[in-house]
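Numbering (the numbering used here), first residue to last: 352 to 483.
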(Lines of atoms letter the chains of each structure in order from A and count residues from 1; the text may use other names and numbers.)
(Lines give C-alpha, C1' and ligand atoms only; values in the text may rest on other atoms or scores of the structure.)
Protein backbone atom coordinates (compact mmCIF):
# COMPACT_ATOMS: atom_id res chain seq x y z
CA UNK A 1 0.00 0.00 0.00
CA UNK A 2 2.94 2.31 0.65
CA UNK A 3 3.97 2.17 -3.02
CA UNK A 4 0.40 3.02 -3.95
CA UNK A 5 0.42 6.10 -1.73
CA UNK A 6 3.67 7.26 -3.32
CA UNK A 7 2.26 6.74 -6.80
CA UNK A 8 -1.07 8.41 -6.11
CA UNK A 9 0.65 11.30 -4.31
CA UNK A 10 3.00 11.87 -7.22
CA UNK A 11 0.10 11.75 -9.68
CA UNK A 12 -1.72 14.37 -7.62
CA UNK A 13 1.35 16.62 -7.61
CA UNK A 14 1.80 16.04 -11.35
CA UNK A 15 -1.78 17.12 -12.04
CA UNK A 16 -1.43 20.13 -9.74
CA UNK A 17 1.72 21.30 -11.52
CA UNK A 18 0.15 20.73 -14.90
CA UNK A 19 -2.91 22.72 -13.85
CA UNK A 20 -0.71 25.59 -12.72
CA UNK A 21 1.03 25.60 -16.10
CA UNK A 22 -2.36 25.90 -17.81
CA UNK A 23 -2.85 29.16 -15.93
CA UNK A 24 0.65 30.61 -15.93
CA UNK A 25 1.66 29.94 -19.55
CA UNK A 26 -1.20 31.94 -21.15
CA UNK A 27 -0.67 34.77 -18.67
CA UNK A 28 3.03 34.85 -19.50
CA UNK A 29 2.31 34.72 -23.25
CA UNK A 30 -0.14 37.60 -22.83
CA UNK A 31 2.51 39.51 -20.89
CA UNK A 32 4.88 39.02 -23.84
CA UNK A 33 2.23 40.56 -26.12
CA UNK A 34 1.09 37.50 -28.06
CA UNK A 35 -2.36 37.57 -29.68
CA UNK A 36 -5.17 35.35 -28.45
CA UNK A 37 -4.83 33.17 -31.57
CA UNK A 38 -1.13 32.67 -30.86
CA UNK A 39 -1.84 31.81 -27.24
CA UNK A 40 -4.44 29.28 -28.39
CA UNK A 41 -1.90 27.80 -30.78
CA UNK A 42 0.52 27.33 -27.89
CA UNK A 43 -1.95 24.85 -26.43
CA UNK A 44 -3.46 23.37 -29.60
CA UNK A 45 -0.32 22.39 -31.51
CA UNK A 46 1.36 20.31 -28.76
CA UNK A 47 -1.80 18.19 -28.40
CA UNK A 48 -0.83 16.37 -31.60
CA UNK A 49 2.57 15.53 -30.14
CA UNK A 50 0.97 14.40 -26.90
CA UNK A 51 -1.43 12.12 -28.81
CA UNK A 52 1.35 10.46 -30.83
CA UNK A 53 3.59 10.04 -27.80
CA UNK A 54 0.72 8.57 -25.82
CA UNK A 55 0.54 5.80 -28.39
CA UNK A 56 4.29 5.22 -28.58
CA UNK A 57 5.02 5.45 -24.87
CA UNK A 58 3.08 2.28 -24.13
CA UNK A 59 5.75 0.33 -26.01
CA UNK A 60 8.46 2.35 -24.27
CA UNK A 61 6.96 1.53 -20.89
CA UNK A 62 6.84 -2.17 -21.77
CA UNK A 63 10.47 -2.12 -22.86
CA UNK A 64 12.05 0.05 -20.12
CA UNK A 65 9.57 -0.44 -17.30
CA UNK A 66 7.15 1.94 -15.69
CA UNK A 67 9.51 3.49 -13.16
CA UNK A 68 12.23 4.56 -15.59
CA UNK A 69 9.66 5.85 -18.06
CA UNK A 70 7.93 7.76 -15.27
CA UNK A 71 11.21 9.41 -14.26
CA UNK A 72 11.82 10.43 -17.88
CA UNK A 73 8.25 11.71 -18.10
CA UNK A 74 8.89 13.94 -15.09
CA UNK A 75 12.19 15.23 -16.52
CA UNK A 76 10.54 16.56 -19.69
CA UNK A 77 8.30 19.15 -17.95
CA UNK A 78 11.29 20.19 -15.88
CA UNK A 79 13.12 20.95 -19.12
CA UNK A 80 10.02 22.78 -20.32
CA UNK A 81 9.96 24.90 -17.17
CA UNK A 82 13.62 25.79 -17.67
CA UNK A 83 12.88 26.79 -21.26
CA UNK A 84 9.92 28.90 -20.12
CA UNK A 85 12.10 30.66 -17.56
CA UNK A 86 14.15 32.22 -20.38
CA UNK A 87 11.47 32.29 -23.10
CA UNK A 88 11.03 35.61 -24.84
CA UNK A 89 9.75 34.51 -28.25
CA UNK A 90 7.08 32.30 -29.76
CA UNK A 91 9.66 29.67 -30.74
CA UNK A 92 10.91 29.42 -27.15
CA UNK A 93 7.35 29.24 -25.82
CA UNK A 94 6.53 26.46 -28.30
CA UNK A 95 9.70 24.58 -27.29
CA UNK A 96 8.65 24.78 -23.65
CA UNK A 97 5.15 23.58 -24.47
CA UNK A 98 6.55 20.72 -26.54
CA UNK A 99 8.74 19.60 -23.64
CA UNK A 100 5.75 19.66 -21.31
CA UNK A 101 3.69 17.77 -23.90
CA UNK A 102 6.36 15.08 -24.13
CA UNK A 103 6.06 14.58 -20.41
CA UNK A 104 2.26 14.50 -20.54
CA UNK A 105 2.25 11.98 -23.38
CA UNK A 106 4.62 9.61 -21.60
CA UNK A 107 3.38 10.05 -18.02
CA UNK A 108 0.01 8.31 -18.15
CA UNK A 109 1.02 4.98 -19.74
CA UNK A 110 3.91 4.72 -17.27
CA UNK A 111 1.77 5.53 -14.23
CA UNK A 112 -0.93 3.12 -15.39
CA UNK A 113 1.69 0.40 -15.75
CA UNK A 114 2.83 0.93 -12.17
CA UNK A 115 -0.74 1.06 -10.87
CA UNK A 116 -1.56 -2.20 -12.65
CA UNK A 117 1.27 -3.91 -10.78
CA UNK A 118 0.14 -2.79 -7.32
CA UNK A 119 -1.35 -5.25 -4.85
CA UNK A 120 -5.11 -5.47 -4.78
CA UNK A 121 -7.79 -5.41 -7.42
CA UNK A 122 -6.60 -3.77 -10.62
CA UNK A 123 -9.83 -1.84 -11.22
CA UNK A 124 -9.64 -0.32 -7.73
CA UNK A 125 -6.01 0.74 -8.28
CA UNK A 126 -6.86 2.30 -11.66
CA UNK A 127 -9.78 4.12 -10.08
CA UNK A 128 -7.49 5.50 -7.39
CA UNK A 129 -4.98 6.54 -10.03
CA UNK A 130 -7.59 8.41 -12.05
CA UNK A 131 -9.02 10.03 -8.92
CA UNK A 132 -5.59 11.37 -7.90
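Note that the Cβ used here is the ideal one computed from N, Cα and C, for glycine as well.
Handout entry: Nearest to residue 460 (by Cα), restricted to the options 417, 394 and 450
Key = 417
Practice task
Provide the residue span of the alpha helix (DSSP H) that contains residue 435, from first to last.
Solution key: 417-437
Practice task
Examine the Cβ distances between the region 404-411 and the region 376-394 and report whether three or more of them are shorter than 8 Å.
Solution key: no
Practice task
Could you give the DSSP three-state label for residue 468: helix, strand or coil?
Solution key: coil
Handout entry: Whole-number beta carbon distance between residue 395 and residue 444, since they are thought to touch under 8 Å
Key = Not a contact, Cβ separation roughly 13 Å.
Handout entry: Residue nearest to residue 373 in terms of C-alpha spacing, selected from 397, 466, 474 and 467
Key = 397
Problem - Option nearest residue 452 by Cα separation, candidates 477, 401 and 442 - result: 401
Problem - Member of 355, 358, 369 and 357 whose CA lies at the smallest distance from the CA of residue 432 - result: 369
Handout entry: Local Cβ density within 10 Å of residue 482, reported as buried at 16 or more and exposed below that
Key = exposed
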